[in-house]
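J.: Residue numbers (my numbering), protein chains in the order written: chain A, 5 to 278; chain B, 5 to 278. Glycine included, every Cβ here is placed at the ideal spot set by N, Cα and C. Predicted model only: the values in this text are computed from it and were never measured. My questions all concern the structure below.
There are 2 protein chains.
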Amino acid sequence: MDDRPIGVFDSGVGGLTVVKQVLDNLPNEGIVYFGDTARGPYGPKSPRVVTQFAVENARFLLSKKVKIIVVACNTASAVALNPLRERFDLPVVGVVEAGARAAVARTRNGKVGVIGTIGTITSQAYRRAISALNPSLQIYAQACPLFVSLAEEGWTDGKAALLIAKEYLKPLRKQGIDTLLLGCTHYPLLRKTIQMAVGEKVVLADCGEEVVREIRSLLSERQLQANATTEPDREFFLSDVPHRFQETGERFLGRPLGNLRLKRTEPRLVRGLW
Amino acid sequence: MDDRPIGVFDSGVGGLTVVKQVLDNLPNEGIVYFGDTARGPYGPKSPRVVTQFAVENARFLLSKKVKIIVVACNTASAVALNPLRERFDLPVVGVVEAGARAAVARTRNGKVGVIGTIGTITSQAYRRAISALNPSLQIYAQACPLFVSLAEEGWTDGKAALLIAKEYLKPLRKQGIDTLLLGCTHYPLLRKTIQMAVGEKVVLADCGEEVVREIRSLLSERQLQANATTEPDREFFLSDVPHRFQETGERFLGRPLGNLRLKRTEPRLVRGLW
Numbered sequence: 005m006d007d008r009p010i011g012v013f014d015s016g017v018g019g020l021t022v023v024k025q026v027l028d029n030l031p032n033e034g035i036v037y038f039g040d041t042a043r044g045p046y047g048p049k050s051p052r053v054v055t056q057f058a059v060e061n062a063r064f065l066l067s068k069k070v071k072i073i074v075v076a077c078n079t080a081s082a083v084a085l086n087p088l089r090e091r092f093d094l095p096v097v098g099v100v101e102a103g104a105r106a107a108v109a110r111t112r113n114g115k116v117g118v119i120g121t122i123g124t125i126t127s128q129a130y131r132r133a134i135s136a137l138n139p140s141l142q143i144y145a146q147a148c149p150l151f152v153s154l155a156e157e158g159w160t161d162g163k164a165a166l167l168i169a170k171e172y173l174k175p176l177r178k179q180g181i182d183t184l185l186l187g188c189t190h191y192p193l194l195r196k197t198i199q200m201a202v203g204e205k206v207v208l209a210d211c212g213e214e215v216v217r218e219i220r221s222l223l224s225e226r227q228l229q230a231n232a233t234t235e236p237d238r239e240f241f242l243s244d245v246p247h248r249f250q251e252t253g254e255r256f257l258g259r260p261l262g263n264l265r266l267k268r269t270e271p272r273l274v275r276g277l278w
Numbered sequence: 005m006d007d008r009p010i011g012v013f014d015s016g017v018g019g020l021t022v023v024k025q026v027l028d029n030l031p032n033e034g035i036v037y038f039g040d041t042a043r044g045p046y047g048p049k050s051p052r053v054v055t056q057f058a059v060e061n062a063r064f065l066l067s068k069k070v071k072i073i074v075v076a077c078n079t080a081s082a083v084a085l086n087p088l089r090e091r092f093d094l095p096v097v098g099v100v101e102a103g104a105r106a107a108v109a110r111t112r113n114g115k116v117g118v119i120g121t122i123g124t125i126t127s128q129a130y131r132r133a134i135s136a137l138n139p140s141l142q143i144y145a146q147a148c149p150l151f152v153s154l155a156e157e158g159w160t161d162g163k164a165a166l167l168i169a170k171e172y173l174k175p176l177r178k179q180g181i182d183t184l185l186l187g188c189t190h191y192p193l194l195r196k197t198i199q200m201a202v203g204e205k206v207v208l209a210d211c212g213e214e215v216v217r218e219i220r221s222l223l224s225e226r227q228l229q230a231n232a233t234t235e236p237d238r239e240f241f242l243s244d245v246p247h248r249f250q251e252t253g254e255r256f257l258g259r260p261l262g263n264l265r266l267k268r269t270e271p272r273l274v275r276g277l278w
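Written out as structure tokens, the structure reads:
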């Protein structure tokens, strides 16, 4: 038994969609979340800078005595997972491997589409992860950078979102994919629009459930599960409190942020509690 | 005469639209540009974090021996101009005052619309700057956060951009504005679409020309103009080379980036030359 919290970081608020899954499915576990809202989004940024930020974020979580680190950002998972595993002596879970497993499990015709940020798609990390699981699959990848802003702005439905989604997804649709992997923590918020744009026969896969399964089996293998006798702490830290944070955060977390107490801890960091 | 360069900073590549104006109109002046591509965009971020970044950026430009600093980012101009002027002992020019002058000069019916990032609009800096010039004007402000991503993605024309623009600008149109101030360095790239959305009778004002006028008169007042005998240096520094930088940079600068040589200088900084 190990009551230390699970550490989760993301470039901003997108990773709260992963936290939501952990809250729902592993209610005994404590969480320390770090959102790099001062320097995010990471999507368009180079692997070098994203890796540097990821290492700094992981170091911060380690200072909070976490037992594992979940990289709840596809772009950071795609480019920085190995550097993190080389540097730090604790289990590091990324969303790319989980997403790849979700897609491979769902396809029937062997044609899988993957969408994500420019950084994620350029890295080809999903292509490698999917091929490692099943080399016979055909993979079609497409960067959809505007989806992040649409999700953060709350423009997830409506004509403009649908037009943009149709434009991005047209090439994937033409290839006859039967599964589309949402390779960005922001995209589940656009699920309805993406489904309409790609056609209702295409199955949408995301990383959420698989990540929880991976965390659960990892905790069990290494006997790191929390003791269920006390209410676990859920803390989150941000490098900035951006405008509209409360509204955007609640949309991503899928519940009220509750007794949110923001508190400055160290330079450039603010702290909150669920 | 003073051959030291003009320092220009922005949260990313948007400020290159201001550099374009300086290159076109003050061809004898050297330029050192800093684009904070690793930490931008600044639009949604808090005044505290934007001010901290602005001070760091200004310090970097000072280390390059600039004679004045141009804050070519509306969000940073809106929240950090006074902190910069208090801290540093050289002239600091922002785009907000220039933009306000442009709008005030153009309106006939006294109803001015202002659009910008969430940070710029929330700060009310344009409202204050316009009222200071003419307190009788009616000012209608609207944040248009998706415009930045549309401009960076190159989706400046087409149905989706027009739909989004119409949605944002509907309230301003209803108010009967005759002048619309583009309060963000990214927005001139969307000029055509914005014009269509707001109606062709509305005059679009931007900061570009007025900033150049302000720089010119400041250099002349303080006798800081460059000597025209040698070809001036134009250097730019970035805190990251994001994906698609060349393409986006050239779109914003309105010309090829030319003999672009990116060179690492110090940690997290890359350097290029036009």
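Using beta carbons (cut-off 8 angstroms, strictly below), is H2(A) in contact with chain B?
T.: Lying outside 5 to 278, the shown extent of chain A, residue 2(A) is not represented and no answer is given.
J.: I think G34(A) touches D244(A), with their Cβ atoms under 8 angstroms apart; what is that distance to the nearest whole Å?
T.: Not confirmed; about 24 angstroms, so no contact.
J.: Measure from the alpha carbon of G16(B) to the alpha carbon of each residue in G117(B), L184(B), E156(B), then state which is nearest.
T.: Here the closest residue by C-alpha is E156(B).
J.: When you compare only the Cα positions, how much space is there between P51(A) and G123(A)?
T.: P51(A) and G123(A): Cα-Cα distance of roughly 7 angstroms.
J.: At a cut of 8 angstroms, does the region 179-186 of chain B reach the region 53-70 of chain B through at least three beta carbon pairs?
T.: Contact fails: fewer than three Cβ-Cβ distances are below 8 angstroms.
J.: Cβ of P48(A) less than 8 angstroms from any chain B Cβ?
T.: P48(A) counts as touching chain B.
J.: So, helix, strand or coil for V17(A), using DSSP?
T.: Looking at V17(A) - three-state DSSP - the assignment turns out to be coil, as it is neither helix nor strand.
J.: If we count the other Cβ atoms within 10 Å of its Cβ and call it buried at 16 or more, is R233(B) buried or exposed?
T.: It should be pointed out that residue 233(B) corresponds to Thr in this sequence rather than to Arg. It counts as exposed.
J.: Thinking just about the alpha-carbon of each residue, which of S135(B), L166(B), P95(B), F249(B) is nearest to the one in E218(B)?
T.: With distances taken between Cα atoms, E218(B) lies closest to P95(B).
J.: How big is the Cα-Cα spacing for R220(A) and A102(A)?
T.: Spanning the two alpha carbons is a distance of roughly 12 angstroms.
J.: Fully enclosed by the region 154-201 of chain B, which beta strand (DSSP E) runs are 3 residues long or longer?
T.: Within the region 154-201 of chain B, the complete beta strand (DSSP E) runs of at least 3 residues are 183-186.
J.: To which residues does DSSP link D210(B) through a beta bridge?
T.: L186(B).
J.: Taking the CB atoms as reference points, tell me whether Q146(A) and I125(A) lie closer together than 8 angstroms.
T.: Contact flag set, yes.
J.: With the cut-off set at 8 angstroms, would you say P149(A) and P48(A) are in Cβ contact?
T.: Yes. Within cutoff.
J.: In this structure, how does DSSP classify V99(B) when only helix, strand and coil are distinguished?
T.: V99(B) falls in the helix class under three-state DSSP.
J.: Between the region 107-118 of chain A and the region 78-96 of chain A, do at least 3 Cβ pairs fall closer than 8 angstroms?
T.: No: the two stretches stay apart, fewer than three of their Cβ pairs being nearer than 8 angstroms.
J.: Would you say E171(B) lies against chain A (beta-carbon separation less than 8 angstroms)?
T.: So, interface residue.
J.: Can you name the residues that DSSP bridges to I73(B)?
T.: Answer is G11(B), V96(B).
J.: Excluding the 5 residues preceding and the 5 following S81(B) in the sequence, name in chain order all residues of the same chain whose CB lies nearer than 6 angstroms to its CB.
T.: Answer for S81(B): V75, G98, V99, V100, listed in chain order.
J.: Below 8 angstroms on C-beta distance, what does P260(A) contact in chain B?
T.: What P260(A) touches in chain B: nothing, since even the nearest Cβ is about 21 angstroms away.
J.: Determine, for T189(B), whether the minimum Cβ-Cβ distance to residues of chain A falls below 8 angstroms.
T.: No, because no Cβ of chain A sits closer than 8 angstroms to the Cβ of T189(B).
J.: Label N86(A) either buried or exposed according to how many other C-beta atoms from any shown protein chain fall within 10 Å of its C-beta, with 16 as the threshold for buried.
T.: That one is exposed.
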